[in-house]
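In numbering that gives the first Met the number 0, the protein residues as written are 0 to 488. Heads up: the structure comes next, in structure tokens.
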Amino acid sequence: MTTKKKRQKMFISVLPGEQVEVVLAEEGRVNEYYVEMLHQAKTKGNIYKGYIHNIDNGLQAAFINYGAERNGFLQIDEVHPEYYSGGYKMKKGARYPLMQHVLKPGQEVLVQVVKEPTGKKGAFMTTYLSLPGRSFVYTIGRDQMGVSRKIEDDKERTRLKKVLSQLKPEPGVGLIARTAAVGQSKAALERDFKYLNRLWKDVRGKAGTEKAPSLVYKEMDLAARAVRDYLTTNVTEVWVDDRETYEQIKKFVELAFPRKPGLVKLHGQHEKPLLERFNLTKQVEEIYSREATMPSGGRLVFDQTEALTAVDINSGKIGGEKNFQKMALKTNVEAAEEIARQLRLRDIGGQVVIDFIEMKDPKHCREVEKTMRAALKHDRARTDVSRISSFGLMELVRQRLGSSAIAISTEPCPCCKGTGIRRNMEWQSLQALKDIYRQLVRGNCPDPLVYEAEEELAIYLLNSKRSMLADMERRFGNKIHIDISYEYD
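Shown next as structure tokens:
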């Protein structure tokens, strides 16, 4: 008995010249959300002609000037041997030569951004280039021919391998069949291959004429990438709220899905915005919350630190020793499925530690682990999951696909400086009084002494510390004026 595939819909909301939002929903439930603000230049996937600014011998990495504010970071294992110069000897047991022996400052390299720059860190780069198409990924520097592991149907894998064996890319170039290649005709696959061939020739030609540093290939914008990368046969409708984008996507879909003429729909003059019309706005807003609610009423709490993301599972419905283990298992299984969904929605990358509700039965732990692994199979990012430890903790590592919606649309609070906490009013008022006292003690203190404070602190001083201020005025024979400052420190 085959399980019925759930209906998926794609929504593309565009504010021309400013922002693109993409939502993938299944049966009305948001599963993936991507946003791109056009003023924040995206560089992941871009190919640049750059040059080596300097080499760090200890890190065995080069810093690449590719025209950005901060240099890119290139490790020795991401350098193709074609860039090696001069004779070199490999140390016994070493996989790579010492970078300072084979590369030199000022040397030009063709690099691609693998990870966007974050915080004070520059972009992570590679010289092993790749160009994604609809059905294939064109790999330059790695000549392997293969099929995505996410394609599980054996007959389809065999068919795609046969097609790949008949395609003849140039030496040093490989092809990986993507999940979108499933069901595509041989003619359609050959078209995609020829398109990537032409694209690589254009990139190589531009790299030969441009001066470093310069951009030689720019990745598509979010709307085009969404249709190229996320539009599968499971998607039954694509809704777009901008006519120009609608026309572009419609042309692409007519080529990719000729048997689905009505797949792309225009959200025209409607009384509600696109996401609100399909009841998706509230779900998208929940992505920015520290907490996520599970269907049973339990809560997941996400706390991100510099090193890792901690996820705590809270449930107020577990009670009584008799039913505790049964309820703990049910809650943890539900939490595992929801955590996998939230990791996709929030695009949480790096190390994640999950604190499950304590389970004493090892079989229950194995069931939760199995649920988590099954739920993560739907994730486009690579993940690696550990077993639940004796402390009830599960560790997993997830590849970050890009800049998350939270990262690009939020900033540290000017009041707490991003810590999430601040000094209370009593402490702040005492520091203000100490400052006032120090100024009064000085012999050249102006009269009146004007002390500026943020509005909340000023009101607290005048209401709660009025007697203390009056005592200081009498003692030093000096007036004290508390003025409101509307600027943060």
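The beta-carbon is built from N, C-alpha and C at its ideal position, and this holds for glycine as well. Source: prediction; values computed, not measured.
Through-space distance from residue j to residue i, alpha-carbon basis
i           : j           : result
residue 73  : residue 10  : 36 Å
residue 345 : residue 179 : 24 Å
residue 388 : residue 352 : 11 Å
residue 16  : residue 286 : 24 Å
residue 193 : residue 309 : 46 Å
residue 476 : residue 307 : 56 Å
residue 376 : residue 355 : 20 Å
residue 198 : residue 404 : 30 Å
residue 247 : residue 332 : 42 Å
residue 264 : residue 256 : 14 Å
residue 112 : residue 88  : 30 Å
residue 368 : residue 383 : 12 Å
residue 499 : residue 33  : Past the edges of the chain, shown from 0 to 488, lies residue 499, and the structure says nothing about it.
residue 419 : residue 474 : 39 Å
residue 242 : residue 268 : 11 Å
residue 490 : residue 343 : Residue 490 cannot be examined here, being either before or after the span of the chain that is shown, 0 to 488.
residue 322 : residue 188 : 56 Å
residue 362 : residue 330 : 15 Å
residue 2   : residue 410 : Low confidence applies to residue 2: its pLDDT is 48, below 50, so where it sits in the model is not reliable, and the reading given next is rough at best. Their backbone Cα atoms lie some 44 Å apart in a straight line.
residue 478 : residue 457 : 16 Å
residue 143 : residue 158 : 17 Å
residue 139 : residue 172 : 5 Å
residue 480 : residue 440 : 16 Å
residue 422 : residue 304 : 20 Å
residue 168 : residue 204 : 17 Å
residue 14  : residue 40  : 16 Å
residue 261 : residue 195 : 28 Å
residue 487 : residue 297 : Annotation note: pLDDT 45 at residue 487 (below 50); position unreliable, no value reported.
residue 293 : residue 314 : 9 Å
residue 250 : residue 259 : 12 Å
residue 0   : residue 24  : Its pLDDT being 40, under 50, residue 0 is placed unreliably in this model, and the value from its coordinates should be taken loosely. For residue 0 and residue 24, the distance between alpha carbons rounds to 25 Å.
residue 360 : residue 390 : 13 Å
residue 271 : residue 228 : 28 Å
Sub-9 Å separation of residue i and residue j beta-carbons
i           : j           : result
residue 513 : residue 66  : The structure shown does not extend to residue 513, since the chain is modelled only from 0 to 488, so the question has no answer here.
residue 277 : residue 289 : no
residue 7   : residue 231 : yes
residue 392 : residue 358 : no
residue 177 : residue 147 : yes
residue 44  : residue 122 : no
residue 237 : residue 226 : yes
residue 490 : residue 109 : Because residue 490 is not part of the residues shown, which for the chain are 0 to 488, the question remains open.
residue 155 : residue 181 : yes
residue 432 : residue 461 : no
residue 132 : residue 191 : yes
residue 396 : residue 341 : no
residue 136 : residue 174 : yes
residue 117 : residue 82  : no
residue 61  : residue 51  : yes
residue 5   : residue 69  : no
residue 364 : residue 399 : no
residue 348 : residue 380 : yes
residue 98  : residue 63  : no
residue 336 : residue 370 : yes
residue 151 : residue 42  : no
residue 463 : residue 425 : yes
Nearest-angstrom Cβ-Cβ length linking residue i and residue j, presumed shorter than 8 Å
i           : j           : result
residue 221 : residue 29  : Actually they do not touch by this definition, with Cβ atoms about 16 Å apart.
residue 493 : residue 53  : Residue 493 is absent from the structure shown; the chain starts at 0 and stops at 488.
residue 484 : residue 455 : Wrong, their Cβ atoms sit about 11 Å apart, outside the cutoff.
residue 482 : residue 450 : 7 Å
residue 84  : residue 240 : About 53 Å; that fails the 8 Å criterion.
residue 77  : residue 124 : 7 Å
residue 299 : residue 338 : 6 Å
residue 211 : residue 107 : 5 Å
residue 312 : residue 334 : 5 Å
residue 459 : residue 428 : 5 Å
residue 183 : residue 134 : 5 Å
One or two residues paired with residue i in a DSSP bridge
i           : result
residue 48  : 109 and 213
residue 264 : 238
residue 383 : 396
residue 484 : 453
residue 36  : 18
residue 23  : 9 and 31
residue 292 : 298
Those runs of the beta strand (DSSP E) which lie wholly inside the stretch 297 to 365 and span at least 3 residues:
Qualifying beta strand (DSSP E) stretches, in chain order: 298 to 303, 307 to 313 and 349 to 354.
Which whole runs of the beta strand (DSSP E) in the stretch 69 to 147 are 3 residues long or more, in chain order?
Segments of the beta strand (DSSP E) lying fully in the stretch 69 to 147: 71 to 74, 107 to 114, 123 to 125, 128 to 131, 135 to 139 and 144 to 146.
Unbroken beta strand (DSSP E) runs of length 3 or more, entirely within the stretch 403 to 471: which are they?
Qualifying beta strand (DSSP E) stretches, in chain order: 448 to 453.
Report the residue ranges of all beta strand (DSSP E) runs contained in full by the stretch 150 to 227; include only those spanning at least 3 residues, in chain order.
You should have 172 to 176 and 213 to 216.
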